[in-house]
Amino acid sequence: MLNYFQKELTNLKKLNLYRELRVVKSSASPEIIYQRKKYLLFSSNNYLGLANHKKVISAQINASKKYAAGSGASRLVCGNIKLYQDLEYKLAKFKESESSLVFATGYMTNLGVISALVTEKDLILSDALNHASIVDACRLTKAKKIIYPHSDFNFVQNHLKKLRENFNNVFIITDGIFSMDGDIAPLPQLTKIAKHYKSFLIIDDAHATGIIGEQGKGSLSYYNLKPAENIIQIATLSKAIGNLGGFVCAKKEIINFLINKSRPLIYATALPPAILAGSLTALKIIQNNEGEKLRTRLKENYLLVYNSLKNLNFKLSKKPSHIIPVIIGDNKKTLKIAEYLFKEKIFAPAIRPPSVPEGQSRIRITVMATHSKKHLEKLIKVFKNIKNKP
Ligand SMILES: *Cc1c(COP(=O)(O)O)cnc(C)c1O
Numbered sequence: 010m011l012n013y014f015q016k017e018l019t020n021l022k023k024l025n026l027y028r029e030l031r032v033v034k035s036s037a038s039p040e041i042i043y044q045r046k047k048y049l050l051f052s053s054n055n056y057l058g059l060a061n062h063k064k065v066i067s068a069q070i071n072a073s074k075k076y077a078a079g080s081g082a083s084r085l086v087c088g089n090i091k092l093y094q095d096l097e098y099k100l101a102k103f104k105e106s107e108s109s110l111v112f113a114t115g116y117m118t119n120l121g122v123i124s125a126l127v128t129e130k131d132l133i134l135s136d137a138l139n140h141a142s143i144v145d146a147c148r149l150t151k152a153k154k155i156i157y158p159h160s161d162f163n164f165v166q167n168h169l170k171k172l173r174e175n176f177n178n179v180f181i182i183t184d185g186i187f188s189m190d191g192d193i194a195p196l197p198q199l200t201k202i203a204k205h206y207k208s209f210l211i212i213d214d215a216h217a218t219g220i221i222g223e224q225g226k227g228s229l230s231y232y233n234l235k236p237a238e239n240i241i242q243i244a245t246l247s248k249a250i251g252n253l254g255g256f257v258c259a260k261k262e263i264i265n266f267l268i269n270k271s272r273p274l275i276y277a278t279a280l281p282p283a284i285l286a287g288s289l290t291a292l293k294i295i296q297n298n299e300g301e302k303l304r305t306r307l308k309e310n311y312l313l314v315y316n317s318l319k320n321l322n323f324k325l326s327k328k329p330s331h332i333i334p335v336i337i338g339d340n341k342k343t344l345k346i347a348e349y350l351f352k353e354k355i356f357a358p359a360i361r362p363p364s365v366p367e368g369q370s371r372i373r374i375t376v377m378a379t380h381s382k383k384h385l386e387k388l389i390k391v392f393k394n395i396k397n398k399p
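Here is the structure:
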């Protein structure tokens, strides 16, 4: 009975695509312990260090003591404690939106929003490099789906010109900052096109929230754009906010519709009180002076890494961001480099298909505000050695 699975796994190993879990001691600090040795971490999404922030941790402990460890039921039954209302109010304000709704994870937010809003009479236009959770969400719908070449807004416009009248609703879906490449979606053009063709624009701002725009509001704010009624913003509490959960910000009608129709909201247990309290505290920090300082520090850090690797002639993204893909191409070569990094006590695993397109395997470096200059210099030195050894 297990033969089939064993054979598939052997096949994955042959293709250098086999994955395994590593047990680490704290996956959110710049220095982590793995098999009793110290490594420098360059693969965490804890960009601002808020997962380790003292105030966030005490807020979580206090909430557990005050309420309970778990929530006991789904939100529509009795799991919807007051902290949800507080957090959703703050998130909506943060994203300059009318209303917001929190889900158990960012992954479930995409499933929950897209599968509920989109019907068989609709059209989806989805960027080729969108996150896997968007891809899976689109698969759950019966809509016509068109995958457009990465950031190609002309393609989107041309298709809408031809096709718009054949469909009821149209949903253009894009990451704000792309998770594997670190580049930003062309939102000035996409918002214009969406408005002109009376379409919704869904922006998954998982990697931009807390990081870019005024107070870290995200990619719309980065471009000085305001969320209009056809714009649906999705984000996660698990990256810069340093916790767990996802959320959507949109007009009240959309949020009420989701409360009634979104299965991942209706049929899953509410988040524990600690998560909600921790996220509230982290959100407050993100919007105050301390958050501003952390963003400045993050930018200094990623500019140093990006510029140094660029000078070493590594193939990187066009523009610097906190996500720095070092494109190697070949799976085997990428694994070899990842192994070397690992030997040198750098924790930055290889990213291979299907997480990225075939032939674009890479080392994905993520920089944090909590990395010290010393941490960064060590990383750069190790990459210098890679360059000097063909
Ligand atoms: C990480 C990520 C998600 C999933 O969020 P989780 O909170 O980790 O489930 C969704 N979309 C994008 C673009 C992401 O990078």
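Note that our numbering has the sequence shown beginning at 10, numbered continuously upward.
From the three backbone atoms N, C-alpha and C, an ideal C-beta is built for every residue, glycine too.
### Message
Please list the terminal residues of the continuous alpha helix (DSSP H) segment that includes F351.
### Response
340 to 352
### Task
Per DSSP, which residues does R371 bridge with? Please list them.
I336, I360
### Query
Looking only at its own chain, which residues have a Cβ that is under 7 Å from the Cβ of D339, when we skip the five neighbours before and after it?
S370
### Message
Among the candidates F266, S35, H168, whose CA atom is the shortest distance from the CA of L132?
### Response
H168
### Query
Can you tell me whether D214 is buried or exposed, with buried defined as 16 or more other CB within 10 angstroms of its CB?
buried
### Message
Need the endpoints of the alpha helix (DSSP H) that E17 sits in, please.
### Response
12 to 23
### Per-residue burial, F14 [other beta carbons within 10 Å of its own, 16 or more giving buried]
exposed
### Query
Could you give the distance in angstroms between the alpha-carbon of S83 and the alpha-carbon of L57?
30 Å
### Task
May I ask whether a heavy atom of ligand 3 can be found less than 7 Å away from the beta carbon of A215?
Absent from the structure shown: ligand 3. Ligands present: ligand 1.
### Task
Could you tell me the distance, in whole angstroms, from the CA atom of R28 to the CA atom of T343?
14 Å
### Message
On a Cα-Cα basis, can you pick out the residue from T379, R373, I295, S381 that is closest to I220?
### Response
I295
### Query
When the Cα atoms are used, what is the spatial distance from N54 to S208?
31 Å
### Query
What are the residues that DSSP puts in a beta bridge with D95?
Paired residues: none, contrary to the question.
### Task
Could you name the residues of the same chain whose beta carbon sits closer than 6 Å to that of P399, not counting the 5 residues immediately before and after it, in chain order?
Bear in mind that a pLDDT of 49 at P399, under 50, signals an unreliable position, so the number given afterwards is only what the model happens to contain. Cβ within range, chain order: n/a, list empty.
### Query
For the alpha helix (DSSP H) that contains Y116, what are its first and last residues?
115 to 126
### Message
What does the Cβ neighbour count give for S381, buried or exposed, with the cut at 16 atoms within 10 Å?
### Response
exposed
### Query
Just how far apart, CA to CA, sit N269 and K352?
51 Å
### Query
Beta carbon of I240, beta carbon of G255: below 8 Å?
no
#### Entry: For G287, the first and last residue of its enclosing alpha helix (DSSP H)
282 to 296
### Task
Could you tell me if M189 is buried or exposed, where buried requires 16 or more neighbouring beta carbons within 10 angstroms of its beta carbon?
buried
### Message
Helix, strand or coil for A203? Go by DSSP, reduced to three states.
### Response
helix
### Simplified DSSP assignment, three categories, for K328
coil
### Task
Would you give the residue range spanned by the alpha helix (DSSP H) that V165 belongs to?
162 to 172
### Query
Going by the CB atoms, is the gap between Y76 and P282 shorter than 8 Å?
yes
### Task
Keeping to the same chain, check which residues put their C-beta closer than 6 Å to that of S106; ignore five residues upstream and five downstream.
P236, C258
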